[in-house]
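Asker: One line per chain: the protein sequences are A and B, in this order. Just so you know, the first sequence maps onto residues 1 to 391 in this note's numbering. Just so you know, the second sequence maps onto residues 1001 to 1072 in this note's numbering. Backbone N, C-alpha and C define an ideal beta-carbon position, used for all residues, glycine too. Structure in structure tokens, see below.
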Amino acid sequence: MWQATIKKLAPRNLAVLGVVQEQHAERTRLYKQWKQYDFPIAQDPVTKLGVAVVPIFIAIDEHGIVRNTRLSPRDLAKFLETEFDAPDVPALARNRETNFAKLAAEDDSVENLCMLGDQEMLFHDSGPESNNKAIAAYRSALAKDPKNGMILFRLGAAFRQRYDEQSHDDSDFDQASKYWTLAMEANPRQYIWRRRIEQYGPRLQKPYPFYDWFGTAIKEIKERGEVPVKLTVELTQSELADRSKPDYSNQDSMPEVTDGLERDNGQLISIESTMVPGFAKPGKPATVHLRLVAKGAKWNNESTPLTVWVDSESSKLSKHLLTFENPNEANSNENRALEFDVLVGEGDAGSISGFALYNVCTEDGVCMYRRQDFTIAVPASAEATSAEAMD
Amino acid sequence: MLRARNTVSAIAITAIATFLFATDINAQVTSYAPQVGKPHPDFILPSIGDGEPLQLSSYRGKKVLLMHFASW
Chain A
1 MWQATIKKLA
11 PRNLAVLGVV
21 QEQHAERTRL
31 YKQWKQYDFP
41 IAQDPVTKLG
51 VAVVPIFIAI
61 DEHGIVRNTR
71 LSPRDLAKFL
81 ETEFDAPDVP
91 ALARNRETNF
101 AKLAAEDDSV
111 ENLCMLGDQE
121 MLFHDSGPES
131 NNKAIAAYRS
141 ALAKDPKNGM
151 ILFRLGAAFR
161 QRYDEQSHDD
171 SDFDQASKYW
181 TLAMEANPRQ
191 YIWRRRIEQY
201 GPRLQKPYPF
211 YDWFGTAIKE
221 IKERGEVPVK
231 LTVELTQSEL
241 ADRSKPDYSN
251 QDSMPEVTDG
261 LERDNGQLIS
271 IESTMVPGFA
281 KPGKPATVHL
291 RLVAKGAKWN
301 NESTPLTVWV
311 DSESSKLSKH
321 LLTFENPNEA
331 NSNENRALEF
341 DVLVGEGDAG
351 SISGFALYNV
361 CTEDGVCMYR
371 RQDFTIAVPA
381 SAEATSAEAM
391 D
Chain B
1001 MLRARNTVSA
1011 IAITAIATFL
1021 FATDINAQVT
1031 SYAPQVGKPH
1041 PDFILPSIGD
1051 GEPLQLSSYR
1061 GKKVLLMHFA
1071 SW
């Protein structure tokens, strides 16, 4: 209804401006292309504006005064017809200091440090350097106000942004998950933060499908003869709605004993793990994301596919055996994502142990079958862990 | 480069930021609570496209429908 109303009324001196709560801008670009929105959309990946729920429709008059904070399509025509008097509003503050690094150096208040972090997150595109500066600024702010959810969430977003870079630390997504979890616990009624965790968390705890519109959007965009916006960060399975119930009593068979197989200590393939939410609570499920990164070799897709075995003495797992289907090309070097859910038992959260079996080839053409053993810590509830102690 | 962010030159940042209103949202570390009858705090955020950042105050003189939403 909004779309039709806007199309009808927009020519009447109405500017439409969208602000989207989204970590990855190109996902909204695809959504915009699909819905054929022709109005500008801004991205607020750090909830800089403090928005806690969506959608919100605000009517602002030509003088910049808010006239309605719960606008409905029915109200829009009346809003446009109304003539509003110019109020006595504060004058423009021109030439305000905008060197936030200088401001923060002179006065390292939480506000100045957050502005510096936001600037690096939102407007500077020098890659890892900007991310590192943002993380440093938010960390400094957090040291002054350790339980401030806004800072905790921004720090998580900065870690997640660095995770999506080619150059990142192995623990970046894990750090993001933990800071987001702490943020949500600081303010449980902040639904944007909650959704960010649910986005990557257990499927049955999702209140609604997150990105299930993707398939329909791409199909319909192609049917219009257009090329869909390409995602730079692929969707993980947990971001799609699969309502199938996890089977924690599954009896997956362990791959044949491979103890004698030569080990890769992470030089060929690195294995990163992230648990969402970032801290386990007894009886509550969490999703474990594994990312296998081809660092010193390429995947050999002409042999048995990548297989991962996971097990835990203290927790139940939705899957024990995970496999990644080989792509069509003979060799590839993509990051490979695998997921499973963990149901933490009473007492110690404990850990998950496992191993990965994979075929890889080095640049000089040497192909090999390797095993890598790993352990994933299952951190206990956030109360027992301070933000400062995480790194 | 995997992420999609706007590249804004230092000149553009300065030019934009000099027009911030006294009631800007730049330093916001609290919740969003626009009030009827009060000026909406100004803000600058990156566009999801490759265009210039979007600033609310640049729409002064027009009525604005500001929509906060999500694509998930």
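To the nearest whole angstrom, what separates the beta carbons of A:Glu-83 and B:Gly-1061, a pair I think is in contact under 8 Å?
Answerer: The sequence position of residue 83 of chain A within the first sequence is 83, counting from 1. The sequence position of residue 1061 of chain B within the second sequence is 61, counting from 1. Rounded, the Cβ-Cβ distance is 14 Å, inconsistent with contact.
Asker: Is the beta carbon of A:Arg-370 within less than 7 Å of some heavy atom of the ligand MG?
Answerer: Ligands are entirely absent from the displayed structure, and the ligand MG is therefore not among its contents.
Asker: Could one say the Cβ of A:Thr-287 lies closer than 8 Å to chain B's Cβ atoms, at least one of them?
Answerer: Here residue 287 of chain A refers to the residue found at position 287 when the first sequence is read from its first residue. No - not a single Cβ of chain B is within 8 Å of the one on A:Thr-287.
Asker: Please name the residue in A:Ser-314, A:Asn-265 and A:Leu-306 whose C-alpha comes closest to that of A:Gly-296.
Answerer: Against the first sequence, residue 296 of chain A aligns to sequence position 296. The shortest C-alpha separation from A:Gly-296 is found at A:Asn-265.
Asker: Examine chain B for any beta-carbon lying closer than 8 Å to the beta-carbon of A:Met-1, and answer yes or no.
Answerer: Sequence index remark: in the first sequence, residue 1 of chain A carries index 1 (1-based). No, A:Met-1 lies away from the interface with chain B (no Cβ there is under 8 Å from its Cβ).
Asker: So that I know if they touch, is there some Cβ in chain B lying closer than 8 Å to that of A:Lys-147?
Answerer: By 1-based counting over the first sequence, the position of residue 147 of chain A is 147. No, A:Lys-147 lies away from the interface with chain B (no Cβ there is under 8 Å from its Cβ).
Asker: Closest Cβ-Cβ distance between A:Thr-258 and chain B: below 8 Å?
Answerer: Mapped onto the first sequence, residue 258 of chain A falls at position 258. Chain B contact via Cβ: absent.
Asker: With C-beta atoms as the reference, is A:Val-293 less than 8 Å away from A:Gly-354?
Answerer: Counting from one through the first sequence, the residue named residue 293 of chain A turns up at place 293. Counting from one through the first sequence, the residue named residue 354 of chain A turns up at place 354. Their beta carbons are not under 8 Å apart, which means A:Val-293 does not touch A:Gly-354 by this criterion.
Asker: Does any residue of chain B bring its CB to less than 8 Å from the CB of A:Tyr-144?
Answerer: Numbered from 1 along the first sequence, position 144 holds the residue referred to as residue 144 of chain A. A quick correction: the sequence has Lys, not Tyr, at residue 144 of chain A. No, A:Lys-144 does not count as interfacial toward chain B.
Asker: Could you spell out where the alpha helix (DSSP H) holding A:Pro-128 opens and where it closes?
Answerer: Walking along the first sequence from the start, residue 128 of chain A turns up at place 128. Unbroken alpha helix (DSSP H) run through A:Pro-128: 128-144.
Asker: Note down, one range per segment and in chain order, each beta strand (DSSP E) of at least 3 residues found wholly within the stretch 204-270 of chain A.
Answerer: Listed in chain order, there is nothing to give.
Asker: Sorted by chain position, which residues of the same chain lie with C-beta nearer than 6 Å to A:Thr-375's C-beta, five sequence neighbours on each side aside?
Answerer: The residue labelled residue 375 of chain A in the question sits at position 375 within the first sequence. So the qualifying residues of the chain are Ser-351 and Ser-353.
Asker: For A:Ile-56 versus B:His-1040, is the C-beta spacing smaller than 8 Å?
Answerer: For the purposes of this step, residue 56 of chain A is taken as the residue at position 56 of the first sequence. For the purposes of this step, residue 1040 of chain B is taken as the residue at position 40 of the second sequence. Against a cut-off of 8 Å, the Cβ pair of B:His-1040 and A:Ile-56 comes out as no contact.
Asker: Based on Cα-Cα distance, which residue from A:Asp-174, A:His-24, A:Thr-362 and A:Met-150 lies nearest to A:Pro-45?
Answerer: Position 45 of the first sequence holds residue 45 of chain A. The candidate whose alpha carbon is nearest that of A:Pro-45 is A:His-24.
Asker: So, helix, strand or coil for A:Thr-307, using DSSP?
Answerer: Stepping through the first sequence from its first residue, residue 307 of chain A is reached at position 307. If DSSP states are grouped into helix, strand and coil, A:Thr-307 belongs with the strands.
Asker: Would a check of beta-carbon distances place A:Asp-108 closer than 8 Å to chain B?
Answerer: Position 108 of the first sequence, counting from 1, holds the residue named residue 108 of chain A. Closer than 8 Å: no.
Asker: Cβ closer than 8 Å: which chain B residues qualify as neighbours of A:Arg-195?
Answerer: Numbered from 1 along the first sequence, position 195 holds the residue referred to as residue 195 of chain A. Ordered by position in chain B, the residues that pass the 8 Å Cβ test against A:Arg-195 are Ala-1070 and Trp-1072.
Asker: I want to know whether the stretch 326-343 of chain A touches the stretch 284-292 of chain A - three or more CB-CB distances under 8 Å.
Answerer: Yes, they touch.
Asker: Does DSSP put B:Ala-1010 in a helix, a strand or coil?
Answerer: For the purposes of this step, residue 1010 of chain B is taken as the residue at position 10 of the second sequence. Because B:Ala-1010 sits at a pLDDT of 41, beneath the cut-off of 50, its placement in the model cannot be relied upon, and the following sentence gives the value as read from the coordinates. Looking at B:Ala-1010 - three-state DSSP - the assignment turns out to be helix.
Asker: Using DSSP with H/G/I as helix, E/B as strand and the rest coil, what is A:Val-46?
Answerer: Within the first sequence, numbered from 1, the residue matching residue 46 of chain A stands at position 46. In the structure shown, A:Val-46 sits in coil (DSSP, three-state: anything other than H, G, I, E or B).
Asker: If you draw a straight line from the alpha carbon of A:Arg-371 to that of A:Glu-220, how long is it in whole angstroms?
Answerer: Locating residue 371 of chain A in the first sequence gives position 371, counting from the first residue. Locating residue 220 of chain A in the first sequence gives position 220, counting from the first residue. Whole-angstrom Cα-Cα distance: 43 Å.
Asker: Below 8 Å on C-beta distance, what does A:Phe-279 contact in chain B?
Answerer: Looking up residue 279 of chain A in the first sequence gives position 279. Residues of chain B passing the Cβ test: none, with the nearest at roughly 23 Å.
Asker: Using DSSP's beta-bridge definition, name the partner residues of A:Asn-68.
Answerer: If you number the first sequence from 1, residue 68 of chain A lands on position 68. Looking at the DSSP assignment, A:Asn-68 forms a beta bridge with A:Ala-59.
Asker: Starting from A:Trp-299, trace the beta strand (DSSP E) both ways and give me its first and last residue.
Answerer: Against the first sequence, residue 299 of chain A aligns to sequence position 299. Run containing A:Trp-299: 298-300, per the beta strand (DSSP E) assignment.
Asker: Would you kindly report the start and end of the unbroken alpha helix (DSSP H) that includes A:Arg-27?
Answerer: As a working note, residue 27 of chain A is residue 27 in the first sequence. Run containing A:Arg-27: 25-35, per the alpha helix (DSSP H) assignment.
Asker: Near A:Glu-26, what residues of its chain come up, given a Cβ to Cβ distance below 6 Å and the 5 sequence neighbours on each side ignored?
Answerer: Along the first sequence, read from residue 1 onward, the residue named residue 26 of chain A stands at position 26. Excluding residues within five positions, the ones whose Cβ falls inside 6 Å are Val-229, Leu-231 and Thr-232.
Asker: Taking the alpha carbon of A:Gln-175 as the point to measure from, which residue in A:Thr-304, A:Gly-117, A:Phe-324 and A:Phe-279 has its own alpha carbon closest?
Answerer: Along the first sequence, read from residue 1 onward, the residue named residue 175 of chain A stands at position 175. Ranking the options by Cα distance to A:Gln-175, first place goes to A:Phe-279.
Asker: Flag A:Asp-61 as yes if its beta-carbon sits less than 8 Å from any beta-carbon of chain B, otherwise no.
Answerer: To locate residue 61 of chain A, count along the first sequence from 1; it is residue 61. For A:Asp-61, the answer is yes, since a Cβ of chain B falls inside 8 Å of its Cβ.
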